[in-house]
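Chains as they are written, first to last, in my numbering: chain A, 1 to 593; chain B, 594 to 836.
Idealized CB from N, CA, C, for every residue including glycine.
Below: one structure, written as structure tokens.
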Amino acid sequence: MARKLPAKDVVIVGLGWTGSILAHELAQEGLEVVAIERGPWRDTATDFSPAFAQDELRYRLRHELFLRPAQMSLTFRNNRDQPALPVRDWGAFMLGNGVGGGGLHWNAETWRFLPTDFTVKSHLTQRYGEKFLPDDMTIQDWGVTYDDLEPHYDRFEYLCGTSGQAGNLKGTIQAGGNPFEGPRSRPYPTPAQKQPFAHTLFGKGAAELGYKPFPQPSGNLSQAYTNPLGVEMGKCTYCGFCEWFGCANYSKASPQTTILPALLRHPNFSARTECEVTKILLDKSGKRATGVTFVDSSGTEWEQPAELVILAAFQLFNVQLLMLSGIGQRYDPLTGEGQIGRNFSHQTVSSAMAFFDKKKFNFNPFVSSGAIGVCIDEFNGDNFDHGPHGFVGGGYMGNVQSNGRPIETMTALPPGTPQWGAKWKEAVRDTYLSTIYAGSGVHGSCYSYKTNYFDLDPTYKDRFGRPLLRMTMDFHDNELKMSAFLTDRYAEIFKAMGAQQVVKKPRKGPYDITQYQTSHLCGGAIMSATPKDGSVNRYLQSWDVPNLFVHGATAFPQNPGYNPTGTVGALAYWSAAAIRSQYLKHPGPLVDA
Amino acid sequence: MARPDRRKVLSAMGLALATSPISTRARAAVIEGGMPWTPDRTQPPQPVDPKGWRYFTQEEAEAVEALVDRLIPPDPETPGGKDIGCAVFIDRQLAGPYGSAEALYMSGPFHDGTKQQGPQAHDPPAVHYRKALAALDKYCRGSFGDKPFAGLSDQQKDQVIGDLESGKVPLGGKPGSFFKQLLKDTQQGFFADPVYGGNRGMAAWKMIGFPGARYDYTDWVDRHNERYPHPPVSIGDHPDWKG
């Protein structure tokens, strides 16, 4: 039997971005809050040091800050006819572990989605007709709008100190910003970062072609900043060790650098680290959560009773925990019945390698930051007429090369270069300083389909003997067409910049679990207007268990062409506001089923 | 699907935790009342002592030194894989958690899948090397008058490596898989921080113009198209720091 701990008002599963935000918001209400985190405690002073944080082997190749597959993995197949096999080492995405979660190891690109991204199904149907969408595509409107979320995007950006240039201030288009963005109520909290040579050149090339380039919104700060919680951040030094690494300069927005110092001052908050939640407990009715069970690092099982359960783990593990806890009906791709596990989406990233004359161009690619970049948004969402192209969706594109770390960078070599020997060595030497290659230069959307989903694996188990999550995923023609079209446009910009040789790398199928794209996994317990179309309502409250809220990109019905964290943060504040202003006064469903 | 009996789950769990090295990495803790700051709790890596071998036998080490020196041959400006320390790097990596695949999901059953499903090898890297190097030795001795790989001419070595690359040399495993593993490890050793035993003297970084573990380019972000003039630094040490 699990040993029972004293009851809390709120138990939070996972202490990453959403867990930290919810913990802080609910601790401010005076509630007794405990967060249970699978990985270790981590913070800047304790774990990162400018003396050795910049270690490509340790952090980038050996994954020191990440979940170890030995502790938890998943299985993967492209379609139902294949046997799924375990993901033995990470590839297509990276899974954080420990306090800070993905907010620790991310690059800190801090985007907002387009207003039409939230109403994508009705918008596209209205503009192009229902027949324009592929039959098996399962996109849907979110149930929240950009206008609902705007104040919460604003709160998240001011929490993070995001550096950027507004493109639309209260409806007025601003020079130098993204003219396609939704109206924002005030400018970014800090000015845009400075841009290195290659990124600046991309902006010039894009402008020559008639596009409107702008700096990528960045959580690597252009200047020192004190956020509304009184937490101070430092200026980014363009060190080029951002994603996959912790920041030793207090310059990258993360729970550690923006919220945890304020959160831990609350005497009614505590965190349990190295404790893995194994189940959300339900009462006999199955409609009320009574708390969670977790196992600590010594193997002891505990029960933490609570009035309110916030599921704030990474997307995959939110879905897995819902399934293992028997909450909601599992999705069946044959009948289309059931909600938990449906509408899984990832990203359709592509790029191009651009080789320049080394006598004329010296890019110093190591001078960079995680969310540096000059981008254009002409080909995102429905910012362009899809009618002639026969696909929907899009993405931003830009020179967003975030580093010159040699093991990672040396993969960009001209076609025909041998893999080894004197010619390989020569090519590496001659191209390093004069090549541009941003792995996620074209950040394409990934819409959802009947056949991309999660269930539980029948064969492979985790260390506790619980079934691993099984991912069934493949690219569809719509996304591959989109990727080809966008990558062509991207390559044209490098040509305009004066590249000698441009090698296009559009995304090709099948979906490959070994090829890194982004760590933007979405869906599986999606938001919907009614219980028949999803797992949570517009406030991220479970349709089945009203004292359970499920946070993160788990709720995205499909993935637009931007990085998700800005929207994940905005949804966290939006949901927290509803809990504070409505739920706590009248615990129960916030939307009538 | 049948739910596993709770008692069974717990006893299986106890067993797994007792034998898993990962479970001992850190202890569960309750954190409250302020930030638990313990400066520099995380340790820098211990610099590799280049003497001797930790995993390879002498014969294996000679073969690997010969292999890495053809994968990355010396030239007048930059040493090759052997002198820059790639074999030492690989040896130390194989002797540690990388070699035993300690962090990876290594539960069975093991089946070959599609390329898209990723490697499904049962053997961790250290075992892979041991088996493949033994098979390579047998192959070379059989094909080149009882000579080991290290005893071949450069031309013969390149021919064998080309055949490893195209999967023509029978090593027992998946065709080409040892070549892939070796190439990846060699290139990582070439470019990783010298603290791990390769990239001696930061020679690979000097070759391409990477300044290494510097952590501040504030003054350089807007100096466009200008060659960065300062030599690289390592997290382990730097000649300038030594009195």
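Once you ignore the five residues that flank residue i on each side, which residues in its own chain have a CB closer than 7 Å to its CB?
i, result
"B:PRO614", "Bear in mind that a pLDDT of 39 at B:PRO614, under 50, signals an unreliable position, so the model cannot answer this."
"A:PHE294", "ILE36, CYS275, GLU276, VAL277, THR278, TRP302 and GLN304"
"A:TYR583", "LEU590"
"A:GLU208", "ALA496"
Looking at the secondary structure, which residues open and close the alpha helix (DSSP H) in which residue i lies?
i, result
"A:ALA289", "Note, A:ALA289: premise wrong, no alpha helix (DSSP H); beta strand (DSSP E) at 289-295."
"A:GLN304", "Premise fails: A:GLN304 lies in the beta strand (DSSP E), 301-311, not in any alpha helix (DSSP H)."
"A:ASP592", "Looking at the DSSP string, A:ASP592 is not in any alpha helix (DSSP H), and its letter there is neither H nor E."
"A:PRO406", "406-409"
"A:TYR573", "565-578"
"A:ALA352", "No alpha helix (DSSP H) holds A:ALA352; the beta strand (DSSP E) holding it covers 348-355."
"A:THR472", "Not the alpha helix (DSSP H): A:THR472 falls in the beta strand (DSSP E), residues 467-472."
"B:PHE772", "770-784"
"A:GLY203", "197-208"
"A:VAL428", "422-431"
"B:VAL661", "651-664"
In terms of alpha-carbon separation, which member of the options lies closest to residue i?
i, options, result
"A:LEU67", "A:VAL120, A:LYS131, A:GLY176 and A:TRP244", "A:TRP244"
"A:GLN216", "A:VAL502, A:THR46, A:ILE372 and A:PRO546", "A:ILE372"
"A:LEU521", "A:PRO531, A:PRO564, A:THR514 and A:LEU548", "A:PRO564"
"A:LYS360", "B:HIS721, B:ARG820 and B:ALA743", "B:ARG820"
"B:TYR678", "B:ALA797, B:GLY689 and B:ALA743", "In the sequence as presented, Tyr is not what sits at residue 678 of chain B; that position holds Gly. Out of B:ALA797, B:GLY689 and B:ALA743, B:ALA797 has the C-alpha closest to the C-alpha of B:GLY678."
"A:GLU307", "A:LEU281, A:TYR331 and A:SER325", "A:LEU281"
"B:ASP534", "A:GLY205, A:GLY498 and A:TYR238", "One cannot answer for residue 534 of chain B here, as it falls past the ends of chain B, which runs 594 to 836."
"A:LYS505", "A:ALA491, A:PHE355, A:GLY177 and A:GLY523", "A:ALA491"
"A:SER535", "A:PHE485, A:ILE327 and A:ASN268", "A:ILE327"
"A:ARG155", "A:PRO189, A:ALA312, A:PHE180 and A:PRO83", "A:PRO189"
"A:TYR673", "A:ALA224, A:VAL400 and A:SER345", "Outside the displayed range of chain A (1 to 593) lies residue 673 of chain A, so it cannot be described from this structure."
"A:ARG127", "A:SER270, A:GLY381, A:LYS532 and A:GLY498", "A:GLY381"
"A:ALA198", "A:GLY552, A:VAL367 and A:ASN559", "A:VAL367"
"A:GLY30", "A:PRO267, A:ALA499 and A:LEU321", "A:PRO267"
"A:ASN559", "A:ALA572, A:SER49 and A:ILE526", "A:ILE526"
Does residue i come out as helix, strand or coil in the three-state DSSP assignment?
i, result
"B:THR617", "At B:THR617 the pLDDT is 40, less than 50, meaning the model places this residue with poor confidence; the figure from the coordinates comes in the next sentence. Correct three-state label for B:THR617: helix."
"B:CYS733", "helix"
"A:CYS239", "strand"
"A:SER163", "strand"
"B:ILE801", "helix"
"A:PRO191", "coil"
"B:LYS750", "helix"
"A:HIS36", "Sequence inspection shows Ile at residue 36 of chain A; the His mentioned does not correspond to that position. The answer is strand: DSSP assigns A:ILE36 an E or B state."
"A:SER20", "helix"
"A:ASP154", "helix"
"A:MET1", "coil"
"A:LYS279", "strand"
"B:VAL826", "strand"
"A:LEU67", "coil"
"A:TYR447", "coil"
"A:ASN78", "coil"
"A:PRO86", "strand"
"A:LYS495", "helix"
With residue i as the anchor, note down where its beta strand (DSSP E) starts and where it stops.
i, result
"B:VAL623", "622-625"
"A:HIS443", "442-444"
"A:PRO458", "453-461"
"A:VAL99", "Unbroken run through A:VAL99: none, as it is neither H nor E."
Leaving aside the five residues before and after residue i along the sequence, list all residues of the same chain whose C-beta is less than 8 Å from its C-beta, in chain order.
i, result
"A:ASN78", "THR472, MET473, ASP474, PRO510 and TYR511"
"A:ARG88", "PRO69 and SER73"
"A:PHE384", "GLU378 and GLY394"
"B:GLY802", "ARG820 and TYR821"
"B:ILE665", "GLY673, GLY674, ILE677, CYS679, THR779, GLN780 and PHE783"
"A:ASN478", "PRO134, MET137, PHE391, VAL392, GLY393 and TYR447"
"A:ILE407", "GLU56, LEU57, ARG60 and LEU61"
For residue i, which residues of its own chain have a beta-carbon under 6 Å away from its beta-carbon, when the five flanking residues on both sides are left out?
i, result
"B:PRO638", "VAL788"
"A:GLY39", "ASN97 and GLY98"
"B:LEU684", "It should be noted that the sequence gives Asp, not Leu, for residue 684 of chain B. Result list for B:ASP684: TRP646, ARG647, TYR648 and PHE649, in chain order."
"A:GLN223", "THR190 and LYS235"
Spell out whether any CB of chain C is found under 8 Å from the CB atom of residue i.
i, result
"B:VAL641", "In the structure shown, chain C cannot be found, because the protein chains are A and B."
Legend entry - At least three beta-carbon pairs within less than 8 Å, the segment 650-660 of chain B to the segment 714-734 of chain B: yes
Inset, instruction - For the segment 331-350 of chain A and the segment 443-459 of chain A, state whether three or more C-beta atom pairs, one from each stretch, are separated by less than 8 Å. - result: yes
Legend entry - Touching by the beta-carbon criterion (3+ pairs, under 8 Å), the segment 141-151 of chain A and the segment 113-121 of chain A: yes
Inset, instruction - Examine the Cβ distances between the segment 169-188 of chain A and the segment 457-472 of chain A and report whether three or more of them are shorter than 8 Å. - result: No, the segment 169-188 of chain A is not in contact with the segment 457-472 of chain A.
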